Each structure stands twice: as structure tokens, then as C-alpha cells.
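The sequence shown begins at 122 in our numbering and counts up by one.
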Amino acid sequence: MNRTWRYLLGLFLLSLAVRLGVALLIRRPGYMDAAYYAAGAVRLAQSGGLSEPFIWNYLDDPTGIPHPGFLYWMPFPSLLAAPLAALFPDSFFTLQLPFALLSALLPLVAFGLAWEVTGRRRTAWLAGLLTLFSGFFFPYWPLPETFAPFALFGSLALWLAGCRMQDARRRMQDAGRWLLVGLLVGLAHLTRTDGILLLPVVILPLLARPKSRTAHPAPRLVIGHWSLFIVHCSFLILGYLLVMSPWFLRNLSVIGTPLSPAGAKTLWLTTYDDLFCYNCDLSLRSYLAWGWGNVLHSKLWAAWVNFERFLAEDCLIFLCPFALVGLYRLRRHFPFALSTIYLLLVYLAHSLAFTFPGPRGGFFHASAAVLPFLFAAGVEGLEAAVGWAARRRRWSLRQAQTTFVTAAVVGAVALSAYATAQKLLTWREADAAYPEIGRWLAWQGAGNATVMIANPPAFWYHTGHPAVVVPNEGVETLLDVCGRYGVSYLVLDPNCPAPLRALYEGRIVSSLLAPVATFEEGLVVMWRIEQ
């Protein structure tokens with residue numbers, strides 16, 4: 122084993138140990154996304170198939186419970202965790218193992234990228250360590266969620282697509298690489314809906330003509346280029362379809378279209394809470410009726426929030442100027458150019474199109490695919506800045522590099538520890554009443570009752586009860602939903618929708634809602650539906 126492989130093995134083992142250590146601290150899903158994929162894995166393990174015994178939004182107008190699953194979010198995280206859910210049905214830790222493993226490979230991608238463009242061991246190690254201790258991303262990596270698989274598949278697809286062959290003969294033998302790129306893009310899309318944005322980006326290198334030694338390339342060179350484009354693009358699309366075709370066929374059989382149109386309705390949200398509205402008009406007409414002033418203001422707000430999140434979450438706050446310098450210095454390296462194009466594309470998509478889901482986590486999730494590139498570029502920019510400062514201030518270059526590299530690692534570790542401490546506290550308190558509510562229902566002999574609650578996937582995961590989400594509507598609409606889906610109990614907490622605030626605080630009452638219990642010192646209130 123040569124030295125480089127020993128470095129990679131050491132970095133992988135360190136990364137895996139750190140990821141597993143974090144996973145041990147996370148005892149249960151602490152927010153809806155993680156609960157959704159954990160519940161999906163458990164449902165698959167219980168032979169429930171790709172169906173959901175809960176309703177967390179009404180965008181696809183579900184007909185009942187259970188209903189076809191993964192019509193808004195994609196299924197791969199649940200598919201990945203399902204075998205372990207079958208082997209260890211009561212262990213959230215084991216659900217995290219595949220994601221800890223995949224995320225432990227991500228620092229190796231950053232190491233390889235930095236090594237490829239600089240050939241410097243110190244640069245490669247620092248890029249790998251920054252990807253390992255990645256600040257606000259750090260506590261999310263081992264969760265049964267989209268972060269780890271999407272970051273790995275997306276970054277590898279961008280890297281492989283940017284690895285250009287140098288002569289036509291080798292290009293003719295390069296079809297296997299484009300097949301692999303297509304497979305990776307397919308896996309990224311099967312992980313996240315916006316993974317489809319990788320497809321036009323990875324096609325760009327195929328449009329670049331081969332370099333010629335003559336000022337006027339011969340016509341046959343151009344013809345050869347386009348024939349290669351067709352061949353390689355065909356292999357790229359083939360790889361993508363090998364992964365996605367089964368999913369397209371499943372959706373065609375269930376809803377009549379290859380992809381669910383439910384997610385596209387979020388283009389027309391005028392507030393994030395409308396994601397949970399029932400029977401509301403989400404269309405271009407209703408969106409334009411909101412007014413051009415509101416539309417423009419919302420786009421500017423989303424662009425600013427996503428920019429702030431980019432600075433803090435993707436660049437570790439302190440690394441941003443160095444990452445920009447590094448991306449400029451590495452602009453002629455195709456993988457870094459592609460990653461920059463992809464980053465701009467998802468930034469615009471989650472600011473100008475998906476204006477409300479983007480700042481609430483969409484951009485954060487989608488940008489994970491460029492982290493290895495940002496950290497490798499950030500290290501390159503940092504070392505260039507230190508070299509420039511050392512020449513001007515007559516520093517010892519070696520000593521200055523050691524100081525700043527150490528400071529960068531310490532800063533990344535400190536930020537990761539801070540983010541993890543904050544999230545662990547929040548996740549431990551989230552949905553804490555759900556198991557107690559499940560026990561209360563069992564005592565009442567309501568073992569199969571359907572419950573309306575804030576986080577239906579988490580409630581089903583903890584209790585096994587069918588659940589529907591509290592709609593962002595008033596009491597009258599709430600009762601309509603309860604009647605349609607056979608809801609027996611309503612649970613509200615301090616984060617209830619604004620139209621139901623008066624009901625939660627007891628300022629209004631309904632003869633069809635009978636208060637029956639409170640939990641967590643009165644903060645969580647339960648009603649029985651009298652219908």
C-alpha cells in the first residue's frame with residue numbers, strides 16, 4: 122500500500138469513527154425530514170411497501186390512509202435504511218449506519234480533489250478535515266436523511282464529469298465513465314428532487330470541443346466531436362435511466378405521471394405555512410393575485426437568506442473569502458467550474474423559483490453536493506492568501522501556513538461542536554410528548570385511532586398510529602379534514618398554525634372538539650373529535 126492510500130485509509134477511519142460517535146448521541150429523529158425517512162424505512166421493513174400511514178401535506182390531495190408514498194420527497198434514504206430497520210426494528214442508531222458510512226467517504230472526495238489540483242499533501246489533508254468537521258452540516262451527516270447520499274453522489278458526479286480526456290482515442294474509450302456519471306446523477310435524483318439539476322450541468326463537458334493544435338480544426342474533428350457527444354450523452358442518459366426508470370414506472374402506475382406534480386405547487390406558495398394548507402388554490406393565478414410587490418419582495422428575501430446560509434453553512438463563516446479566491450484560481454479545472462455552475466443553479470432555483478422552501482432548508486440540503494469543492498477551493502485560497510501576506514509582511518511562510526492551517530481546523534471543530542450541541546438539545550426535546558400520547562391512547566382503548574398532529578411521520582414512528590398533519594386553516598376546515606380522513610383526536614402544541622392559535626389558547630371552543638388531556642405541563646393539548 123503506497124503512502125497516498127494509507128492517507129486515504131486513515132482519513133476514512135477517522136471520519137467513520139467521528140460519524141459513528143455523533144450517531145450514538147442521536148437517539149431518535151428530531152425533525153420531520155429525518156422522521157419521514159426513518160418511518161419510510163420502518164414501513165418498508167414491515168412489508169408496507171412504498172405507502173405511507175400518515176399524511177404530512179395535502180398537495181397531492183391524498184384519498185385516504187395509507188396512500189402512495191414519496192410523492193413529494195424522493196425514496197432513496199428510506200430504501201437505504203430499510204434493510205437495517207428489518208434487522209434491528211427498534212434501533213434508530215442502526216438506521217444511521219449507512220449514512221455514517223457514506224458521509225465518512227465525503228472527506229476522501231475533498232482530499233482527492235485537493236490532491237489532484239495542487240499535489241500538496243497539506244492542502245489535501247486540510248480539505249479532508251474541513252469536510253469532516255463541516256460546521257452546521259456536522260450533526261446532520263449520520264441521520265437517515267438526504268445529506269450524506271446526495272452530497273456523495275452529487276460531488277462524485279461533478280468530479281467525474283469534469284475529468285476530461287486529453288485525446289480523441291481515449292475519449293472513444295470513455296463511455297464507461299459517462300455511464301457511471303449517469304448512474305450517480307440518477308442516484309442523486311432518487312435521493313432529492315432537485316438532483317435533476319445535476320443533469321444539465323454534467324452534460325456541459327460533452328459540449329466542449331477537443332483541443333486542437335491547429336488554429337482552424339479540420340471539419341472531421343468537429344464531426345468527430347459531435348459523434349462522441351452523441352455516444353457519451355447516450356451512455357450518460359442510459360446510466361441515469363437505469364436508476365430512475367423503475368421509479369418513473371412506479372409513479373406511472375400509481376399517479377399516471379413519471380414524477381409527482383405535487384412538488385411543483387410549492388412554486389406558488391405565498392408563505393411557507395401554505396405547504397400545509399388544505400384545498401387551497403396554489404396556482405400561477407393565485408400567485409399573481411398576491412401582487413408583484415409581494416412577489417419581488419419574497420424573491421429578494423429568499424436570495425438574501427440563502428446567501429446568509431451559504432456564508433454560514435457552506436463556508437464555515439470564516440472560509441468564504443478564501444473559497445471565492447480558490448474558486449477563481451481553480452476556474453480552469455473543469456470539476457470546480459462545474460461545481461460553481463451547479464451551486465449558482467441551485468441558489469437561483471431555491472431563491473427565485475422555490476422561494477419559501479429554499480430558505481427553509483432546500484438550499485441547505487442541495488448545496489451539500491459542492492462542499493468538497495468549496496473546502497478544497499477554500500484551502501487553496503487560504504494558502505494563496507497566506508503566501509501573499511507572508512511576502513508583504515516578511516513572515517516565515519512555513520510558520521505562517523502552519524498557524525493558519527491549525528486555526529482553520531480548530532475553527533471548524535469548534536463550529537461543528539457548537540452546531541452539534543445546539544441541535545442535540547433541540548432534537549431531544551422535539552416531539553417528546555408523542556410516546557406519552559401513544560401510551561395514553563392505548564390506555565383509552567384507542568389503539569388504532571387516527572390523530573391530527575404537527576409531525577405525522579414522527580408520531581407514526583413513535584406510536585404506530587395513523588396521523589395527518591394539522592392544516593394551516595381555521596377550525597371549520599380542520600373539522601372537514603377530520604371527517605374526510607377519519608381523525609379521532611387533535612393535538613396542538615405551541616407551534617400550532619396561526620389560524621388555530623385561538624383554539625389552542627382556549628379563546629374559542631367548538632362543540633365538536635372535546636378537550637380530553639394535556640401533556641408536557643399543559644403545553645400540548647389534545648381534543649377528541651365529536652363527529
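C-beta: ideal position from N, C-alpha, C; glycine also.
For clarity, every value in this text was computed on a predicted model and none was experimentally measured.
Taking a cut-off of 8 Å for Cβ pairs, the segment 558 to 575 and the segment 369 to 389 do not touch, as fewer than three such pairs fall below it. Here Arg140 is near Ser224, since their CB atoms are less than 8 Å apart. Under the three-state reduction of DSSP, Leu634 is assigned to strand. For Phe356, the CB contacts under 6 Å within the same chain, skipping 5 residues up- and downstream, are Ala296, Trp299, Leu300 in chain order. Taking the CA atoms as reference points, Val526 sits about 14 Å from Thr252. A contact is defined here as three or more CB-CB pairs under 8 Å, and the segment 485 to 494 meets this definition with respect to the segment 270 to 280.
Annotation for Ser609: the continuous beta strand (DSSP E) segment containing it runs 608 to 613.
Per DSSP, the continuous alpha helix (DSSP H) segment holding Arg622 begins and ends at 622 to 625.
DSSP places Ser172 in the strand class (E or B) of the three-state scheme. Between Leu613 and Leu634, the CB-CB gap reaches or exceeds 8 Å. Counting C-beta pairs closer than 8 Å gives three or more between the segment 461 to 474 and the segment 313 to 328, which meets the contact rule. Per the C-alpha coordinates, the member of His418, Tyr468, Tyr261 positioned closest to Phe431 is Tyr468. Boundaries of the beta strand (DSSP E) around Ile574: 571 to 574. The Cβ neighbour count for Asp154, taken over all protein chains shown within 10 Å, is at least 16; the residue is labelled buried.
If you look at Ala588, you'll find it isn't in any alpha helix (DSSP H); it sits in the beta strand (DSSP E) that goes 588 to 590. Within the model, the alpha-carbon separation for Asn427 versus Phe475 is close to 12 Å. Between Arg452 and Ala458 a beta carbon distance of about 6 Å is seen, short of the 8 Å cut, so the two are scored as contacting.
When Phe369, Gly412, Ser419 are compared, the shortest CA-CA separation from Tyr393 is found for Ser419. Using a 10 angstroms sphere on the CB of Glu504, the tally of other CB atoms reaches 16 or more, which defines it as buried. Relative to Phe640, the option among Ala554, Trp516, Ile176, Arg622 whose CA is nearest is Ala554. For Trp246, the enclosing alpha helix (DSSP H) has its first and last residue at 242 to 253. Contact between the segment 161 to 180 and the segment 537 to 549 is not established, with fewer than three Cβ pairs separated by less than 8 Å.
Between Arg622 and Thr391, the alpha-carbon positions lie close to 20 Å from each other.
Just measuring C-alpha positions, the residue of Ala202, Pro228, Leu320 sitting nearest Leu137 is Pro228. Of the residues Val589, Asn576, Glu434, the one whose Cα lies closest to the Cα of Thr541 is Glu434. Per DSSP, Met647 is one residue of the beta strand (DSSP E) stretching across 645 to 650. As summarised for the segment 401 to 452, the continuous alpha helix (DSSP H) elements at least 4 residues long and confined to that stretch are 405 to 410, 413 to 430, 441 to 450, given in chain order.
In terms of Cβ geometry, Ala235 and Val500 form a close pair [threshold 8 Å]. Pro577 is not a Cβ neighbour of Ala567, given a cutoff of 8 Å.
From the listed residues Thr239, Leu146, Tyr158, Gly170, the smallest Cα separation to His454 is found for Thr239.
Out of Tyr361, Gly249, Glu597, Leu146, the CA that lies nearest to the CA of His310 is found in Tyr361. When DSSP reads this structure, His188 sits in a beta bridge with Glu173. Look at Phe485 here: in three-state DSSP terms it is helix. In the DSSP secondary-structure assignment, Thr639 is bridged to Val646. The alpha-carbon of Pro367 is positioned some 27 Å away from that of Leu466.
Restricted to the segment 476 to 520, the alpha helix (DSSP H) segments that are unbroken, complete and at least 4 residues in length are 484 to 487, 492 to 514, listed in chain order.
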